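All the letters of the sequence shown, read from the start, carry residue numbers 173 to 688 under this note's numbering. Down below is the structure, laid out as structure tokens.
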Amino acid sequence: MTVQDDSNDFSLLGHKPALYVLFFTEMWERFSYYGMRAIFVLFLTSTFADGGWEWSNERALALLGTYTSLVYVTPVIGGWIADKFTGYQKAVALGALVMTLGHAAMALETETTLYIGVGLLIIGNGLFKPNITSIVSGLYDKFPERKDGAFTIFYMGVNSGGFIGVLLCGFLGENLSWAWGFGLAGIFMMLGMLQFWFGRSIFENVGVAPSKKVDLSDAIENIPDEVEEKVPAHVQRDRYIVVGVLAFFVVFFWASFEQASGSMTIFANKFTQRVLSGSSASIFKIVDTLITIVPLGVITWVLFKLFAQTFKKISLSNIVLGISFLSVWAIALWKLSVILPQETTEIPASWFLILNSLFIITLAPLFSKVWESKYNPSATVKFGLGMILLGVGFGMLAWGSASIPQGAKTASVSLVWLVVAYLLHTMGELCLSPVGLSYVSKLVPAKKIGIMFGLWYLAIAIGNKLAGFVGSYIDVIVNNYSMSAFFLIFTIVPITVGVILILITSKMKKMMHGVH
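Shown next as structure tokens:
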């Protein structure tokens, strides 16, 4: 069947309706992933009286590091399984099912089911993550000029899901019970799976059958040689070195950035003043109400647009999606009904994790405009700026925690320091994270992109594991030195790395041989 590039194909806000089905599927998966992560360390380290397990910070952060690192490794295997055996659609559905079982296992709150649940989440993520992206790509293969815009919308689903998941799972986990938080993540993962499976007829047969290829290298093996640029061996060698240098330094970024759901969450929980009264409580209630209602309202508007165009074709999928959103609205309004009447307000420790998604949604268009302007710096300068902004963010935390005595178990530092830190960290992420994948695709020949993306994600996995490892020493450093000293580690290392990257810019530009 020949697909025509007319208004019927791109009839929903300038894109294919199928893209928005995938948007919502990805949104529920990120809802479950970030919702669970928001309360993971809090649950493990809370007292028995608060329903936790009283694990040491060291043990909890080590497990978190293992989990967050392996979710970057398994997609390489999951993509291979889909290409070779199942096709993208079945792999996505199977991955969602496995992750649903993982969340259900964690909700049982025994040590055995915790480890089973984490293992299932890692496996399910490996099947889900690369293959839903491949379906998005496949839908736009005949319209490459529209692909960037499609992925921009798709990744708004990523941030929307993470945002709502932290907001609701965190609130339920900290106000009802941890099992409710973990269970809610599982329920929406299951609803996302059903919505995807019942709506798969809209995907134009993309990913129905395996492609019988092992990786991206094989997918383009038959492209005529003249299509690919002939690059001299020494030029390509230099470009590989640049990718290697960037991958090496990206380890340091994620080792620091991923303190968010680890040591920074512990800092929010035990060392931050979260009980507000008077005008401070009123301001928080207004802010919390706006960031609860406005994003949900915008996404619900998109939902109605999707219903209008696709209800007849994928009615069951839309019914499941409608039930999901009614449930989200009910929980969100209940949350506000609990918070708003109170004279004093206690901010959940997990709440601060929504700031990353909120700042990304707000700032991404601005950064995109800068990169498209005449002020667009080279890759290593962007990486360097990202590192420096990250380090300065931790510098704010080091400054803010300077008054905490050595060995203190609790404190009441102003929450402003955490807000400023998350703002700077998000700006650093926007300088580095999207740019990294873009430069890998530019510097590596097409036949090697698959393997190089795998190595890039391996670097991110190492960074995540290091985040858990270094973060696990928070108690040792606080007891022997101070909380400020702990955050200074993550201040000095990224800033030093950032300065080094900027200093080697001219050398790196030469080794890129014209790639911008």
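Even for Gly, the Cβ is constructed at its ideal location relative to N, Cα and C. Note that the structure is a prediction, hence the values are computed from the model and not measured.
Buried or exposed: residue i, going by 16 or more other Cβ atoms within 10 Å of its Cβ?
| i | result |
| --- | --- |
| Glu515 | exposed |
| Val588 | exposed |
| Gly274 | buried |
| Glu201 | buried |
| His187 | buried |
| Pro666 | buried |
| Asp460 | buried |
| Tyr205 | buried |
| Gly643 | buried |
| Trp628 | buried |
| Ser654 | buried |
| Glu692 | Summary: the structure shown does not reach residue 692, with the chain confined to residues 173 through 688, and so no result is reported for it. |
| Pro396 | For Pro396, the predicted model reports a pLDDT of 39, less than 50, meaning its position is unreliable and no value from the coordinates is stated. |
| Val213 | buried |
| Pro537 | exposed |
| Asp222 | exposed |
| Asn652 | exposed |
| Gly600 | buried |
| Ala504 | buried |
| Ile634 | buried |
| Ala405 | exposed |
| Ser449 | exposed |
| Tyr287 | exposed |
| Lys262 | buried |
| Ser496 | buried |
| Val470 | exposed |
| Lys507 | buried |
| Ala551 | buried |
| His688 | exposed |
| Leu269 | buried |
Give me the DSSP bridge partner(s) of residue i.
| i | result |
| --- | --- |
| Glu226 | Looking at the DSSP assignment, Glu226 forms no beta bridge with any residue, so it has no partner. |
| Val447 | Glu518 |
| His187 | Leu184 |
| Val585 | Thr444 |
Alpha carbons only, please: which of the options is nearest the one belonging to residue i?
| i | options | result |
| --- | --- | --- |
| Ala277 | Gly450, Phe354, Leu299, Lys546 | Phe354 |
| Phe215 | Gly267, Ala279, Trp252 | Ala279 |
| Val133 | Gly291, Val417, Arg372, Phe343 | The chain is shown from 173 up to 688; residue 133 falls before or after that span and cannot be answered. |
| His597 | Phe625, Ile455, Phe524 | Phe524 |
| Val245 | Gly298, Ala210, Leu286, Phe658 | Gly298 |
| Gly289 | Ala521, Met271, Ser656, Pro520 | Met271 |
| Val248 | Leu675, Ser644, Phe641, Leu630 | Leu630 |
| Phe443 | Cys603, Leu292, Ala580, Leu340 | Ala580 |
| Phe439 | Ile576, Ala551, His406 | Ile576 |
| Ala583 | Leu292, Ser656, Ala504, Ala381 | Ser656 |
| Gly640 | Asp255, Ser228, Asp181 | Ser228 |
| Met436 | Val607, Leu363, Asp647 | Asp647 |
| Tyr412 | Phe625, Val510, Gln445, Tyr239 | Phe625 |
| Asp255 | Leu348, Trp426, Glu230, Pro302 | Pro302 |
| His685 | Glu283, Val407, Thr284 | Val407 |
Using a Cβ-Cβ cut-off of 6 Å (strictly less than) and excluding sequence neighbours within five positions of residue i, which residues of its own chain qualify?
| i | result |
| --- | --- |
| Gly670 | Gly556, Met559, Ile560 |
| Ser306 | Tyr260 |
| Phe662 | Ser428, Phe566 |
| Gly563 | Thr663, Pro666, Ile667 |
| Phe203 | Gly333, Ile336, Gly337, Phe360 |
| Cys603 | Lys554, Leu557, Gly558 |
| Ser489 | Gln367, Phe370, Gly371 |
| Leu293 | Met271, Gly274 |
| Met568 | Trp589, Val592, Ala593 |
| Ile632 | Tyr244, Trp426 |
Which residues in the same chain have their Cβ closer than 7 Å to the Cβ of residue i, if we skip the five residues on either side of it in sequence?
| i | result |
| --- | --- |
| Tyr192 | Leu184, Val474, Leu478 |
| Tyr312 | Arg318, Lys319, Ala322 |
| Ile304 | Leu194, Thr197, Glu198, Val264 |
| Lys679 | none |
| Ile511 | Lys457, Asp460, Thr517 |
| Ile374 | Pro189, Ala190, Val193, Thr482, Lys485, Ile486 |
Please go through the same chain and pick out, in chain order, the residues whose beta-carbon is closer than 8 Å to the beta-carbon of residue i, but skip the five residues on each side of it.
| i | result |
| --- | --- |
| Ala432 | Leu525, Asn528, Tyr594, His597 |
| Glu226 | Thr217, Ser218, Thr219, Phe220 |
I think residue i touches residue j, with their Cβ atoms under 8 Å apart; what is that distance to the nearest whole Å?
| i | j | result |
| --- | --- | --- |
| Gln481 | Pro189 | 5 Å |
| Tyr611 | Leu344 | The pair is not a contact, with the Cβ atoms about 40 Å apart (cut-off 8 Å). |
| Ser613 | Ile623 | Not confirmed; about 13 Å, so no contact. |
| Glu346 | Pro520 | 4 Å |
| Val403 | Pro617 | 7 Å |
| Ala351 | Cys341 | At roughly 11 Å, the Cβ-Cβ gap does not stay under 8 Å, so Ala351 and Cys341 are not in contact. |
| Thr240 | Glu430 | 6 Å |
| Gly237 | Lys637 | 5 Å |
| Leu468 | Val500 | 7 Å |
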